[in-house]
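**Q** Structure below; questions to follow.
2 protein chains.
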Amino acid sequence: MHPLLRDYFRKRTDADEHVLEKISPYFEERSFKRNEYVLREGEVCKHNYFIISGCMRLFTINKEGVENTRYFAFEGKFATCFTSLISGLPAFENIQSLEKTTVLRIHRDDFYYLVETEAAVNKVYRNIMESAYITTQRRIYDFQGADSLERVQWLLKHQPTILNRLSNKVVASYLGITPYTLSRLKAKL
Amino acid sequence: MHPLLRDYFRKRTDADEHVLEKISPYFEERSFKRNEYVLREGEVCKHNYFIISGCMRLFTINKEGVENTRYFAFEGKFATCFTSLISGLPAFENIQSLEKTTVLRIHRDDFYYLVETEAAVNKVYRNIMESAYITTQRRIYDFQGADSLERVQWLLKHQPTILNRLSNKVVASYLGITPYTLSRLKAKL
DNA sequence: TAAAAGCATTGCCCTATGGCAATGTTTTAA
DNA sequence: TTAAAACATTGCCATAGGGCAATGCTTTTA
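Protein chains in written order, with the numbering used here: chain A, 196 to 384; chain B, 196 to 384.
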């Protein structure tokens, strides 16, 4: 099992080496180029992706062509469109690599099989859901009613990596402001 | 077991009557007056609440005194501050009944004990998390970049009950707009 | 059942931010 | 290595929606 993934399980479960080796073969390594689409809106999401290196984002594009990003995943994190993975219905969002990215991916059928049969995976899944839930709630609270400057400051405080590592364009689409406004605000900090 | 709660488990698990009767005693009935605080920011959330009748909301109040509502729970739904329930840390949000409300509440220790030991409760918990996750993602996508009118129309389409049953004040705090703007928009529909 | 408190509505003004356009900079790809 | 494409910056203007205040309505409670 890849050391990053091993760490992930070790931190969240008490799974021993035997269990980890049982889980390991369900994951397969894949690579994506910079800006490659991993999933497009309308497709059914078939995999859960564990990021070894690089970065991905989940986002939508509305009818006016405006992008709206809701999640960035860096090394050592899972990324997938859970809405589609859970329901088996077509995704309404896209997944895209933002850098050259290597992942370990697991097929949804295998993943949910392990959730049902391996306590460690059940626990990890619960943990992913709980974290995602908490993060998202926090974002709703912190962003709603906050003006542009407060949002940028929030990002600086909570996820500075995003601000340093990614383009203004995608950061702005995460903050719900225009790249123009973001550029103006950065000049003021 | 209360019929509403029984239905809840029946819809989401294959738990038989025996299991339900085992779970049932962990829940106790409570009542709240209209506008009563069930949990205040800073307190640790000790219970998960299943609503039999009435309605509750989860919300924060910022330093300027502006309220920000993120969730309304009506009959047949669970409501709790999961962030605090999961972590055991003080809640940063409030829970308040908006009508005379009757609930079945379960203590967090009992709840997580059952999550670990009763497959039906594990499944229900997973389901709650998954649903909450999906709902929240959807809200982020649908609200971010949407103007006031679009938000009201969204509510009319997805959760009309909220618009009919609750005051403009709390609805506005859910939509992230002022009661003034909501009033003006309603006049135009 | 009357007084008070709390909400809803609407007019007026003001500000933050969006949108466009012009210019400069960085990245990509041949 | 260079041309093209994509992105960033900044000035200018337009506008959605916030905030306040005045008025009227509804709900609470004593």
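Every residue gets a Cβ at the ideal spot worked out from N, C-alpha and C, and that includes glycine. In this text the structure is predicted, and so the values were computed from the model without any measurement.
1) Pop quiz: A:F390 and A:T296 are said to be a contact at Cβ under 8 Å. What is the actual Cβ separation, rounded to whole angstroms?
2) Evaluate B:T387 with the Cβ neighbour count: other Cβ atoms within 10 Å of its Cβ, from every protein chain shown; 16 or more gives buried, anything less gives exposed.
3) Tell me which residue opens and which closes the beta strand (DSSP E) that B:H302 is part of.
4) Assess, as a yes-or-no matter, whether the region 205–216 of chain B is touched by the region 364–371 of chain B under the definition of 3 or more beta carbon pairs within less than 8 Å.
5) Write down every uninterrupted run of the alpha helix (DSSP H) in the region 208–260 of chain A whose length is 4 residues or greater and which is fully enclosed by it, in chain order.
6) Compile a chain-ordered list of the residues in the region 252–270 of chain B whose CB is closer than 8 Å to at least one CB of chain A.
7) If you measure between the beta carbons of A:V239 and A:I290, is that distance less than 8 Å?
8) With H, G and I counted as helix, E and B as strand and the rest as coil, what does DSSP make of B:S292?
9) State yes or no: is the C-beta of B:Y203 within less than 8 Å of the C-beta of A:R265?
10) So what does B:F287 bridge to, in DSSP terms?
11) Could you confirm whether any beta carbon from chain B is found closer than 8 Å to the beta carbon of A:G371?
12) Please name the residue, chosen from B:K318, B:D304 and B:I256, that lies closest to B:K206 on a Cα-to-Cα basis.
13) Taking 7 Å as the limit between beta carbons, can you name the residues of its chain near A:F273, skipping five residues before and five after?
14) Thinking C-beta only, is B:L377 closer than 8 Å to B:L370?
15) Looking at the C-beta of B:F306, does it have a partner C-beta in chain A at a distance below 8 Å?
16) Run through DSSP, which three-state label would B:T331 get?
17) Work out the CA separation of A:L199 and A:S343 for me, nearest whole Å.
18) Can you tell me whether A:G249 is buried or exposed? The criterion is at least 16 other CB atoms within 10 Å of its CB, across all chains shown.
**A** Let me spell this out:
1) Past the boundaries of the shown model lies residue 390 of chain A; chain A is included only from 196 to 384, so the question cannot be answered.
2) A query on residue 387 of chain B cannot be resolved here, the shown segment of chain B reaching from 196 to 384 and no further.
3) T296 to H302
4) no
5) 212–218
6) T255, N257, V261, N263 and R265
7) no
8) strand
9) no
10) Paired residues: none, contrary to the question.
11) yes
12) B:K318
13) N243, Y244, F245 and I323
14) yes
15) no
16) helix
17) 36 Å
18) buried
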